[in-house]
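Chains as they are written, first to last, in UniProt numbering: chain D, 1 to 169; chain X, 1 to 169.
Everything below concerns the one structure shown next.
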DNA sequence: TGGGCATATATGCGTGGTCCTATATAGGAC
DNA sequence: GTCCTATATAGGACCACGCATATATGCCCA
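Dropping the structure here:
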């Protein structure tokens, strides 16, 4: 359940409503974490239950009240514990590679189409990543922008592999 | 539900029991797909239900009967349809990058430890990948080994990023 | 007046998936 | 004799998640 930790991390930067969190996930952390709106609200409720977060209702005129979620000391402790805990082994799951692996039973055109489609998608994601601001500031900011550079490197490596593989067909 | 397609793909290469499939997932396709044993049996049952696969029971002495699963013509059609269908957009979920992103609130030692741990894990996976045989044979075999080279490229890119990022701390 | 968009929260349903445990048998190690 | 490993299958509990949908309101634009 890394989503709860990601939420704690974001609430540590600033108190937010579920709605704010959704926008943040879709914006500044989309390159490494996608979150469903319903799941955000559910996880938020669980975090309130276990005391990691508390809610302050801010009335608004003309709009539903903001239920602003603030991280608690307990929440900060859990965040710190997570950041210091050993890395969980990641289990791979890459549908694209699965297709490549099995594409051999089809006409060569299928594999070519696969690679071409992926190339387009990868290029698109690369432009999206590169257009994001990359100012190196405080150490904390540098770590955050490093996650963007990670994406750029991975995508560039992928383009290289696609071209090599397509050429070998 | 890519697992069902991965299973169909493997059964297209050779008929197998659930047990065989588990070994295959842990072995030759582990670099791009991890599968839980219970989930394999459940998915296999679903594939039998929808006619993609049929079972031939092969009695054995001293061991439980082999329930050998064979792909049917319907199954082959579904496999082909999947291989030709448009790529699903992949939603990212990278716990490691999430940690890096939020590590800024901690002592610099935390980020350093994070990168060092990841470096070791990445290096380990690289050696595992490189030790696998890589003979270019038929076009189908070349596509399968291409998925290994994909992993090598990604891991190498990651090592580069880790070193760059660690140096910038 | 009506439509579309932004703000804001929440439930229900289904499903894919992980972990744990149970069952059955044989061979080899200690 | 007991324990471990390999072969082989499967159910139960639980969980995180994705998608669809509902509700409420105010603003702007046509």
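A virtual CB, placed ideally from N, CA and C, is assigned to each residue, including glycine.
The shortest CA-to-CA distance from residue 150(X) to any of 125(X), 166(X), 137(X), 103(X) is the one to 125(X). Interface criterion not met: the Cβ of residue 15(D) is under 8 Å from no Cβ in chain X. Within chain X, no residue has its beta carbon less than 9 Å from that of residue 123(D); the closest one is some 13 Å off. Not one beta carbon of chain X lies nearer than 8 Å to the beta carbon of residue 116(D). For residue 88(D), the C-beta contacts it makes with chain X under 8 Å involve 95, in order along the chain. For residue 152(D), the enclosing alpha helix (DSSP H) covers residues 139-167. In the assembly as shown, residue 52(X) is a buried residue. Its beta-carbon has 16 or more other beta-carbons within 10 Å. In the three-state DSSP reduction, residue 90(D) falls in the coil class, being neither helix nor strand.
Inter-residue distance for residue 154(D) and residue 161(D) is about 11 Å (C-alpha atoms, whole angstroms).
Assignment of residue 68(X) by DSSP, reduced to helix, strand and coil, places it in the strand class. In this structure, the beta-carbon distance from residue 143(D) to residue 79(D) does not fall below 8 Å.
The alpha helix (DSSP H) runs lying completely inside the segment 91-124 of chain D and spanning 4 residues or more are 95-102, given in chain order.
Put simply, the backbone Cα of residue 73(X) is about 55 Å away from that of residue 69(D). Per DSSP, residue 82(D) has no beta-bridge partner at all.
Here the segment 18-30 of chain X does not lie against the segment 80-87 of chain D, with fewer than 3 beta-carbon pairs under 8 Å apart. The beta carbons of residue 148(X) and residue 111(X) sit no closer together than 8 Å. From the beta-carbon of residue 19(D), no residue of chain X is found nearer than 7 Å; the closest lies around 20 Å away. In this structure, residue 43(D) keeps its C-beta atom at 8 Å or more from the C-beta atom of residue 2(D). Using beta-carbon distances, residue 137(D) does not count as an interface residue toward chain X, since no partner is under 8 Å. For residue 56(D), the uninterrupted beta strand (DSSP E) run begins and ends at 53-58, by DSSP. At a cut-off of 8 Å between beta carbons, residue 106(X) contacts chain D. From the beta-carbon of residue 129(X), no residue of chain D is found nearer than 8 Å; the closest lies around 11 Å away. Residue 52(X) has a beta carbon lying at 8 Å or more from every beta carbon in chain D. Close CB contacts of residue 159(X) within its chain, under the 8 Å cut and outside five residues either way in sequence, are with 119, 122, 123, 126 (chain order).
Per the C-alpha coordinates, the member of 109(X), 137(X), 20(X) positioned closest to residue 166(X) is 109(X).
Just so you know, the alpha carbons of residue 36(X) and residue 60(D) end up roughly 48 Å apart.
Counting other Cβ atoms within 10 Å of its Cβ, residue 91(D) stays below 16 and is therefore classed as exposed. Residue-level contact by beta carbon holds for residue 80(D) and chain X, with a gap shorter than 8 Å. Within chain D, no C-beta atom comes less than 9 Å from the C-beta of residue 74(X); the nearest is roughly 16 Å away. Residue burial is scored here from C-beta neighbours: residue 130(X) has fewer than 16 other C-beta atoms within 10 angstroms and is therefore classed as exposed.
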